[in-house]
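In my numbering, the protein residues as written are 2 to 331.
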């Protein structure tokens with residue numbers, strides 16, 4: 002029984018990672034797990050409620066819609082108040098300061114103004130049009146995978162039978178639900194751990210932006226926008242830090258070279274610590290040592306790239322959960 006379950010888990014993840022279906026799987030897990038959790042809350046609130054799973058799915062969709070509207074409103078408000086536009090202006094000013102500090106032969110390769118920066122961006126877009134078209138196709142395909150995965154997760158929540166507590170599944174569909182519940186539990190543990198990591202990363206960045214730099218007389222502009230970017234990007238394992246670090250270091254160029262070196266050293270240190278924080282925090286939730294999780298992340302990243310890196314904690318958590326449940330591990 003254990004061997005067949007492990008074979009099923011291995012086959013599922015090989016298909017998902019080899020075909021780059023990680024967004025679809027995660028969307029299905031969010032929809033399925035969210036529907037079940039809300040259905041349980043509704044049943045506690047109103048015992049005997051009929052079609053609790055359907056009501057849970059409807060409530061989940063309503064919550065996602067509200068969050069989506071709030072995010073769109075925030076993005077529009079930020080665009081109107083110049084948050085991200087101001088950030089681009091600061092990056093342009095930082096490049097201008099860098100031009101003054103660099104040798105003339107090297108400074109000649111940098112844009113001279115915001116308009117020049119825009120022209121460089123336009124030229125780059127023109128030169129990489131084919132690659133951008135490919136990226137756009139991949140993005141649209143990813144969105145399609147997410148939507149299809151969400152539909153699959155919702156249908157599974159509605160149609161797979163609920164196993165009574167303490168009872169073994171009596172049918173293949175019930176057994177599938179039991180294993181999928183284990184996958185959802187592992188996914189939830191990893192997601193909350195990543196949220197913890199993003200919060201900690203943002204707090205450390207806030208110490209630097211709001212504490213260290215002002216004390217040194219080098220405050221950066223738009224710290225709120227930078228922290229919002231840090232938290233949002235930090236929800237992406239590992240690669241998110243690269244995005245926020247690049248922006249912060251670029252804005253730091255408005256000061257002298259020591260300020261840039263300090264920013265780079267601080268943020269790179271945080272970025273490197275994230276590997277170990279990820280392994281420690283996620284490992285604590287799934288009862289795995291840091292070296293185990295780091296090894297799994299390293300192997301799957303080498304085999305499947307970014308998808309393997311993101312999926313490794315969930316896969317390892319699922320296997321550990323199964324082995325603990327079957328009594329193979331303490």
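Glycine is no exception: its CB is placed at the ideal position from the N, C-alpha and C atoms.
Task: residue 21 (DSSP reduced to helix, strand or coil) - done: coil
- [ ] Under the assumption that residue 315 contacts residue 208 (Cβ atoms under 8 Å), give the Cβ distance between them as a whole number of angstroms.
- [x] That pair is no contact at about 30 Å.
Task: Under 8 Å between C-beta atoms of residue 206 and residue 144 - done: no
Open item on the list: On the CB-based measure, 16 or more other CB atoms within 10 Å of its CB, does residue 5 come out buried or exposed?
Closed with: exposed
Task: Backbone CA spacing between residue 40 and residue 69 [nearest angstrom] - done: 22 Å
Task: residue 282 versus residue 194: straight-line alpha-carbon distance, rounded - done: 6 Å
Open item on the list: Residues in the same chain with beta-carbon distance under 7 Å from residue 26, minus the five sequence neighbours each way, listed in chain order, please.
Closed with: 17 and 150
Open item on the list: Across the region 180 to 189 and the region 220 to 231, are there enough close Cβ pairs to call them in contact, namely three or more that are closer than 8 Å?
Closed with: no
- [ ] Would you kindly check if the distance between the Cβ of residue 310 and the Cβ of residue 302 is under 8 Å?
- [x] yes
Task: Opening and closing residue of the alpha helix (DSSP H) in which residue 315 lies - done: 307 to 326
Task: Spatially closest choice to residue 225 from 216, 217, 249 and 178, by CA coordinates - done: 249
Open item on the list: Cutting at 7 Å between CB atoms, please list the residues of its own chain near residue 53, excluding the five before and the five after it.
Closed with: 40, 43 and 44
- [ ] Please classify residue 336: does DSSP put it in a helix, a strand, or coil?
- [x] Nothing about residue 336 can be read from this structure; the chain reaches only from 2 to 331.
Open item on the list: Going by DSSP in three states, residue 45 sits in which element: helix, strand or coil?
Closed with: helix
Task: Whole-number beta carbon distance between residue 57 and residue 36, since they are thought to touch under 8 Å - done: 5 Å
TODO: Please report the Cβ distance between residue 159 and residue 30, rounded to the nearest whole angstrom; I am assuming they are in contact, meaning their Cβ atoms lie under 8 Å.
DONE: In fact, because the Cβ distance is near 15 Å, the residues do not count as touching under 8 Å.
Task: Selected residue, minimal CA-CA separation from residue 33, among 24, 154, 51 and 22 - done: 154
Task: Beta-carbon proximity list for residue 21, same chain, < 7 Å, skipping 5 on both sides - done: 308
Open item on the list: Please report the straight-line C-alpha distance between residue 71 and residue 64, rounded to a whole angstrom.
Closed with: 11 Å
Task: Nearest candidate by alpha-carbon position, reference residue 152, set 180, 55 and 241 - done: 55
Task: residue 213 and residue 24 closer than 8 Å at C-beta - done: no
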